[in-house]
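See below for the structure under consideration.
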Amino acid sequence: MSENEKNYISRQISVYKTDKKLVEFIDKLKPAPAEYYAHIHSFGDKDESGVRQISCIGITLQNYTNGTGKNIKRVSANISPDEAEYIFNQLQNAVQEFNFQQEKIFGTPDENGRSHVTKLRIIRAVTGSDGKPRRYPWYLEIANGTGEKVKKDNGGIFMKANSYQEQNKEYINLNDIDFYKLMIRVSKYIKAWETTVAPHIIMEGKQAMAQMQEEGRS
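Per my numbering, residue 4 is the first one in the sequence shown, and the count goes up by one each step.
Right, dumping it as structure tokens:
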């Protein structure tokens with residue numbers, strides 16, 4: 004084992020592999036700053052360096068049909084902790100049909116005024132387009148590309164209509180048990196993270212609040 008391998012620490016929470024594809028869920032959770040301690044998770048709050056932090060679970064899809072290394076096709080997207088728990092709850096409730104879709108545009112525009120775009124679809128369909136029962140009812144699709152970012156008057160952003168240019172798209176089909184294994188580990192990890200991190204965030208926030216109140220009385 005090389006020195007680099009010894010020093011490597013994986014953020015992978017759960018993974019599902021076939022002989023051609025892989026999907027993994029990755030830890031990208033970020034704690035809220037003391038000013039917003041009750042959030043527990045950071046929802047775009049700035050850290051001490053002024054960089055916005057967003058707590059999320061990363062999803063990566065890899066296709067190595069054409070080989071490994073540079074030949075691997077890779078796409079990624081992020082979901083919030085609440086969205087991860089929502090998807091897991093659908094599994095727990097044994098829903099027959101499910102459709103979750105998400106589109107995000109983010110990052111500083113490049114020299115052509117284009118920003119990164121991720122699109123995510125998670126679907127459960129009992130039957131296929133041919134009317135036959137699906138052995139793998141869960142369908143997970145991620146597309147990555149670029150688009151033109153437009154700012155709303157209220158500060159929000161959206162992608163300009165018809166500006167999306169797709170760079171890569173991958174998908175994977177899963178059965179109920181395999182998708183359940185992926186998502187229950189994600190759910191357990193979020194709960195473990197919150198149980199571990201939340202007390203420190205809350206204590207820091209409460210102490211900061213008490214200090215401000217004390218200074219206000221002096």
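Backbone N, C-alpha and C define an ideal beta-carbon position, used for all residues, glycine too.
Query                                                                                                          : Result
Local Cβ density within 10 Å of residue 161, reported as buried at 16 or more and exposed below that           : exposed
For residue 122, the nearest candidate out of 128, 33, 129 and 80 (CA to CA)                                   : 80
Exposure label - residue 34; buried when at least 16 CB within 10 Å                                            : buried
Through-space distance from residue 185 to residue 172, alpha-carbon basis                                     : 21 Å
Cβ pair residue 91, residue 189 closer than 8 Å                                                                : yes
Cα-Cα separation, residue 93 to residue 214                                                                    : 43 Å
Cα-Cα separation between residue 180 and residue 194, rounded to whole angstroms                               : 21 Å
For residue 72, the three-state DSSP class (helix, strand or coil)                                             : helix
Own chain residues within Cβ distance below 7 Å of residue 175, not counting five before or after              : 24, 26, 64 and 143
Cross-strand partners of residue 142 (DSSP beta bridge)                                                        : 126 and 176
Selected residue, minimal CA-CA separation from residue 111, among 54, 156, 98 and 62                          : 54
Classification of residue 3 by the beta-carbon crowding that lies within 10 angstroms, buried from 16 upward   : Outside the shown range of the chain (4 to 221) lies residue 3, about which nothing can therefore be said.
Exposure of residue 75, with buried meaning 16 or more beta-carbon neighbours within 10 Å                      : exposed
C-beta atoms of residue 120 and residue 148 nearer than 8 Å                                                    : yes
Cβ-based burial, residue 97 [other Cβ within 10 Å; buried from 16]                                             : exposed
Classification of residue 165 by the beta-carbon crowding that lies within 10 angstroms, buried from 16 upward : exposed
Three-way DSSP call (helix, strand, coil) for residue 135 in this model                                        : coil
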